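A.B. asks: My structure is below; once you've seen it, I'll send some questions.
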Amino acid sequence: MASRLKTTKSLDSKDNKSHLPALNPSFERIKRVYIAQITKADSKPQKIVDRLYLGSVGAAYTLAVLKNFKITHILTLCECLPPKFPNEFEYKVICITDEPTSHISSHFKECLDWIKTAISNGGVVLVHCFAGVSRSSTIIIAYLMRYHNMNLKEAILYAKSKRPWINPNFGFMGQLRRYENFLNNQRKKGAIEN
6 MASRLKTTKS
16 LDSKDNKSHL
26 PALNPSFERI
36 KRVYIAQITK
46 ADSKPQKIVD
56 RLYLGSVGAA
66 YTLAVLKNFK
76 ITHILTLCEC
86 LPPKFPNEFE
96 YKVICITDEP
106 TSHISSHFKE
116 CLDWIKTAIS
126 NGGVVLVHCF
136 AGVSRSSTII
146 IAYLMRYHNM
156 NLKEAILYAK
166 SKRPWINPNF
176 GFMGQLRRYE
186 NFLNNQRKKG
196 AIEN
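Residue 6 is where the sequence shown starts when you use our numbering, and the numbers rise one by one after that.
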């Protein structure tokens, strides 16, 4: 079966690692150890709404969990983290760091459209980053604001009720506030529907 990887740099990449920067061997070893620890500690994703889950790399790297939750699509928001099972699931990879200066909002439309299309076609989506705390929760919150007509506060509280330790960094929070204003303006104009 051909790879079904989608990335922001190569939309039809057959080489699952071609979009990732080279890392030094020491960092690679540390990353593998950390992934193993997260996989043990946090391998169960949380259901946010029907067909949409939020989790960490632990969930994304545990095949039995993915199969058990009937996941079909995986949205990865990480730097230097290739898909674990590229022939088993549809992937979209957004290479982004968890830093306040990262422009995650530049990926909102792309990510939200991808999630919405997958769900509309009967898919079940896992959105994850490394710890399932900041990057992935930012996308989930944006999704709830866009497609579930929640304001920012409601979306955060709702997402926290499902995965209490989410915590978008302050830069992402600023981008979510701007996105909330954008959505409010678009709705007033009648330019978007849910």
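Even for Gly, the Cβ is constructed at its ideal location relative to N, Cα and C.
Computed from a prediction, not measured in an experiment: that's the story for all the values here.
1. If you drop the 5 nearest sequence neighbours on each side, which residues of the same chain put their C-beta closer than 8 Å to that of residue 131?
2. Find out if the Cβ-Cβ distance for the pair residue 188, residue 140 is shorter than 8 Å.
3. Looking only at DSSP bridge pairs, what is residue 54 linked to?
4. Sorted by chain position, which residues of the same chain lie with C-beta nearer than 7 Å to residue 180's C-beta, five sequence neighbours on each side aside?
5. Quick one: which unbroken beta strand (DSSP E) runs of 3-plus residues sit fully inside the segment 125 to 189? Chain order, please.
6. So, at 6 Å on beta carbons, what are the nonlocal neighbours of residue 100 in its own chain, with the 5 sequence-adjacent residues on each side left out?
7. Quick one: Cα of residue 90 to Cα of residue 68, how far?
8. Identify, in the order they occur along the chain, each residue of the same chain with its Cβ nearer than 7 Å to the Cβ of residue 143, setting aside the five sequence neighbours on each side.
9. In whole angstroms, give me the CA-to-CA distance for residue 186 and residue 121.
C.D. replies: According to the data block:
1. Here residue 131 has 50, 58, 59, 60, 64, 65, 71, 74, 76, 78, 79, 80 as same chain residues with Cβ atoms under 8 Å from its own Cβ, once five neighbours each way along the sequence are excluded.
2. Judged by their CB atoms, residue 188 and residue 140 are not nearer to each other than the 8 Å cut-off.
3. DSSP lists 57 as partners of residue 54.
4. Non-local beta-carbon contacts of residue 180 in its own chain, meaning distances under 7 Å to residues more than five positions away in sequence, involve 109, 110 in chain order.
5. Within the segment 125 to 189, the complete beta strand (DSSP E) runs of at least 3 residues are 130 to 133.
6. Correct list, in chain order: 84.
7. Straight-line Cα distance between these residues: approximately 8 Å.
8. If we look at residue 143 and ignore the five residues flanking it on each side, its Cβ neighbours are 109, 173, 177, 181.
9. Rounded to the nearest angstrom, the two C-alpha atoms are 21 Å apart.
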